[in-house]
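Worksheet: the structure to be examined is printed underneath.
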Amino acid sequence: MSLIVQKFGGSSVKDAAHIRNVAGIIADTYRQGNDVIVVLSAQGDTTDDLIAKAEEINPKASKREMDMLLSTGEQISVALCAMALEGMGLPCVSLNAGQVGIHSTSDHSDARIKKIDPERIQTELDQHRIVIVTGFQGLARTGDVTTLGRGGSDTSAVALAAAFHADLCQIYTDVDGVYTTDPRIVSSAQKLDEITYDEMLELASQGAGVLHNRSVELAKKFKVNMEVVSSLERKPGTKVKEVTKVEKTNIAGVAKDTSIARVALIGLQHNPGVAFQVFDLLGKHNINVDVILQSIGRDATKDITFTIHKKDLEDAEELLNANKEVLKFDHIEADEHIGKVSIVGIGLMSHCGMAAKMFEALYEAGINIQMINTSEIRVSVLLDEEDVNRAVKAIHDKFFDVI
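Dropping the structure here:
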């Protein structure tokens, strides 16, 4: 007998028919003699609808009250799924984060899981019940409900799999695995049978929407056996693991991200500690920074350019302008009409010319590069937002046309 954690996203439980389909998948797994913990997201567009309702009442509602509101979406999903399983004659129980004991930090709208109390879930499993848990939420030390941010249900599922040493964590989505790029943009995108934690983490961090990067971080840290599978078709998905069997290509995939904005601080003093002051200030206000470029100092000044999430742009500009006298810069330039395209693969460490091949594809497509950022297994470029999809196709064709 195995313990399996199954997570289903919002599109997989969007209506009664989909919930019954999910209940069927869970039931099959349970009837095979497995213990099952299920994690569900809110139905379909429920979270967006709740945000819209909040904006009708108060466009500047506090993050605490937004968490109270948004956490209700998952409670609806788990209760309805439990009802579907009850209707099939299967023993089950739905639980929210407070009942489970999923303890988090107090960072409303972007909390992190600190620990999970095992007692309640283990008691239910010992009675051979299917345990259905709300994803995306936790409980702060104060007793307040928190939400875990974008992709939080993925993180909840992997955290539960790690806490209970699950044999398998299955992430069910409306696609049948991880592809070399978004198949909606490139029709020739290919499904991967397996991918390393490191490659998946980079793809997720660079905008691939299949898994959230925090969930992959947890899976890698605790060696969670993970699989991305379709909730609509019963067929093998993509396994995420430490080492893959064969290196089929130099890169695993091409990712895009159009949720970013570029900020440039112009005319900073060319003195030691300036970069520390800027990014320490942003970090203390929970504004995450990605790509960073510092210009060569001249005339006793320099410029620092970096990217952040679009949702943080207004807060970042206000914060930086409020500290203008301390930071001593001339002005801010911001652009939210940009995008990032990345190639990811462990082959980048051992094969020369991969970056040049990417740049050649962009050159041939007549696409201009604004900034470049690299890691051991990734090369990212910043482009005009209108060029992003065309760039993804050009780069994918360049790397995968011979496969």
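Following this note's numbering from start to finish, the sequence shown increments by one per residue and tops out at 499.
Glycine residues also receive a C-beta, built at the ideal position from the N, C-alpha and C atoms.
Considering only the alpha carbon of each residue, which of F375, Q390, T354 lies closest to A487?
Translated into positions along the sequence shown, residue 487 becomes position 391. With distances taken between Cα atoms, A487 lies closest to T354.
To which residues of the same chain is L377 closer than 8 Å at the C-beta, ignoring the five residues directly before and after it? As a first step, residue 377 must be located in the sequence shown, where it is residue number 281. Result list for L377: L415, L416, N419, L423, in chain order.
(message) Looking at V274: is its Cβ nearer than 7 Å to the Cβ of L288?
(response) Indexing the sequence shown from 1 puts residue 274 at position 178. Indexing the sequence shown from 1 puts residue 288 at position 192. Yes, the pair counts as a contact, with Cβ atoms nearer than the cut-off.
**OP:** Let me know the secondary structure DSSP gives T230 once reduced to three states.
**Re:** Walking along the sequence shown from the start, residue 230 turns up at place 134. T230 falls in the strand class under three-state DSSP.
- Task: Keeping to the same chain, check which residues put their C-beta closer than 8 Å to that of V342; ignore five residues upstream and five downstream.
- Result: Locating residue 342 in the sequence shown gives position 246, counting from the first residue. Annotation note: pLDDT 47 at V342 (below 50); position unreliable, no value reported.
Q. Are the CB atoms of V282 and H492 nearer to each other than 7 Å?
A. In the sequence shown, the residue the question calls residue 282 occupies position 186. In the sequence shown, the residue the question calls residue 492 occupies position 396. Yes, they are a contact pair.
Does DSSP put I217 in a helix, in a strand, or in coil?
-> Here the question's residue 217 lines up with position 121 in the sequence shown. DSSP places I217 in helix when its eight states are reduced to three.
Q.
Let me check understanding here. Comparing Cα to Cα, which of D145, E151, L176 lies closest to V109?
A. Position 13 of the sequence shown, counted from the start, is the residue given in the question as residue 109. Nearest option by C-alpha distance: L176.
Under three-state DSSP, which class holds F402?
Locating residue 402 in the sequence shown gives position 306, where the first residue counts as 1. It is a strand residue.
- Task: Report, in whole angstroms, the separation of the C-beta atoms of V135 and S249, which I expect to be a contact under 8 Å.
- Result: The residue you call residue 135 lines up with position 39 of the sequence shown. The residue you call residue 249 lines up with position 153 of the sequence shown. Contact flag correct, Cβ pair sits at about 6 Å.
Which one of L181, Q171, Y293 has the shortest CA to CA distance from V132?
The residue you call residue 132 lines up with position 36 of the sequence shown. Among L181, Q171, Y293, the Cα nearest to that of V132 is on L181.
ask   = Counting along the chain, where does the alpha helix (DSSP H) carrying V385 start and finish?
value = Residue mapping note: residue 385 aligns to position 289 of the sequence shown, counting from 1. No alpha helix (DSSP H) holds V385; DSSP gives it neither H nor E.
Check your understanding: In chain order, which continuous runs of the beta strand (DSSP E) of length 3 or greater are located wholly inside the region 429 to 464?
Key -> 434 to 440
- Same chain, Cβ closer than 7 Å to C188, five either side skipped, listed in chain order: Mapped onto the sequence shown, residue 188 falls at position 92. Short of 7 Å from the beta carbon of C188, and not among the five residues preceding or following it, lie these beta carbons of its own chain, in chain order: A178, L181, E182, R225, I226, I228.
Notebook entry, point to check: What do you get for Q223, buried or exposed, if any count of 16 or more other CB atoms within 10 angstroms of its CB means buried?
Noted result: For the purposes of this step, residue 223 is taken as the residue at position 127 of the sequence shown. It counts as exposed.
(request) Can you give me the start and stop residues for the alpha helix (DSSP H) that S311 sits inside? (result) Taking the first residue of the sequence shown as 1, we reach residue 311 at position 215. Its alpha helix (DSSP H) spans residues 309 to 318.
* Check whether the Cβ atoms of E432 and K407 sit closer than 7 Å, and answer yes or no. => Position 336 of the sequence shown, counting from 1, holds the residue named residue 432. Position 311 of the sequence shown, counting from 1, holds the residue named residue 407. Taking 7 Å as the Cβ cut-off, E432 and K407 do not qualify as a contacting pair.
Just the C-alpha distance for V498 and D240, rounded to the nearest angstrom, thanks.
-> As a position in the sequence shown, residue 498 is number 402, starting the count at 1. As a position in the sequence shown, residue 240 is number 144, starting the count at 1. Residue placement at V498 is flagged as unreliable, the pLDDT there being 49, under the threshold of 50; the coordinate-derived value follows with that caveat. Those two C-alpha atoms are separated by around 54 Å.
For this session: Put S167 into one of helix, strand or coil per three-state DSSP.
Result: If you number the sequence shown from 1, residue 167 lands on position 71. In the structure shown, S167 falls within a helical segment according to DSSP collapsed to helix, strand and coil.
Counting C-beta neighbours from all protein chains within 10 Å, is the total for I392 16 or more, i.e. buried, or is it exposed?
Within the sequence shown, numbered from 1, the residue matching residue 392 stands at position 296. With fewer than 16 Cβ atoms within 10 Å of its Cβ, I392 is classed as exposed.
Helix, strand or coil, according to DSSP, for D411 in the structure here? In the sequence shown, residue 411 corresponds to position 315, counting from 1. Residue state, collapsed to three classes: helix.
According to the Cβ coordinates, are V477 and V440 closer than 7 Å?
Taking the first residue of the sequence shown as position 1, residue 477 is located at position 381. Taking the first residue of the sequence shown as position 1, residue 440 is located at position 344. No, the Cβ-Cβ distance between V477 and V440 is not below 7 Å.
Notebook entry, point to check: If you follow the alpha helix (DSSP H) that Q195 is part of, which residue opens it and which one closes it?
Noted result: By one-based count along the sequence shown, residue 195 stands at place 99. Where Q195 is concerned, the enclosing alpha helix (DSSP H) stretches over 193 to 196.
Problem - Straight-line Cα distance separating F318 from G197 - result: Taking the sequence shown and counting its residues from 1, the one referred to as residue 197 is at position 101. Taking the sequence shown and counting its residues from 1, the one referred to as residue 318 is at position 222. Straight-line Cα distance between these residues: approximately 20 Å.
* Tell me whether L288 sits in a helix, a strand or coil according to DSSP, three-state version. => The residue you call residue 288 lines up with position 192 of the sequence shown. Coil, per DSSP.
The region 138 to 149 touching the region 160 to 175, judged by at least three CB pairs closer than 8 Å: yes
| request: Could you name the residues of the same chain whose beta carbon sits closer than 8 Å to that of D411, not counting the 5 residues immediately before and after it, in chain order? | output: On the sequence shown, position 315 is the one that residue 411 refers to. If we look at D411 and ignore the five residues flanking it on each side, its Cβ neighbours are H381, I383.
* In terms of alpha-carbon separation, which member of N130, A348, F375 lies closest to A360? -> Walking along the sequence shown from the start, residue 360 turns up at place 264. Comparing Cα positions, the closest option is F375.
- Task: Taking only the alpha-carbon atoms, compute the straight-line gap between A315 and E472 and give it to the nearest angstrom.
- Result: On the sequence shown, position 219 is the one that residue 315 refers to. On the sequence shown, position 376 is the one that residue 472 refers to. Approximately 20 Å between the Cα atoms of the pair.
Q. Mapping DSSP to helix, strand and coil, what is E338?
A. As a working mapping, residue 338 is identified with position 242 in the sequence shown. Of the three classes helix, strand and coil, the one that applies to E338 here is coil, per DSSP.
* Asked: Do E313 and A348 have their CB atoms nearer than 7 Å?
  -> Here residue 313 corresponds to residue number 217 of the sequence shown, with the count starting at 1. Here residue 348 corresponds to residue number 252 of the sequence shown, with the count starting at 1. No, the Cβ-Cβ distance between E313 and A348 is not below 7 Å.
Tell me which same chain residues have a C-beta within less than 6 Å of the C-beta of K501, skipping the five on either side of it? Missing from the structure shown is residue 501; the chain here goes from 97 to 499 and no further.
**Asked** What's the C-alpha gap between Q233 and K398?
**Response** Reading the sequence shown from its first residue, position 137 is the one you call residue 233. Reading the sequence shown from its first residue, position 302 is the one you call residue 398. A direct Cα-to-Cα measurement between Q233 and K398 gives close to 42 Å.
*Could you give the distance in angstroms between the alpha-carbon of N309 and the alpha-carbon of L244?*
Translated into the one-based positions of the sequence shown, residue 309 becomes position 213. Translated into the one-based positions of the sequence shown, residue 244 becomes position 148. Whole-angstrom Cα-Cα distance: 12 Å.
- Reference S200; option with closest CA among E220, A304, D278, G231: Position 104 of the sequence shown, counted from the first residue, corresponds to residue 200. If we check each option's Cα against that of S200, G231 comes out closest.
* **chain B contact for R216 (CB, 7 Å cutoff)** => Given the protein chain composition of this structure (a single chain), no chain B is represented.
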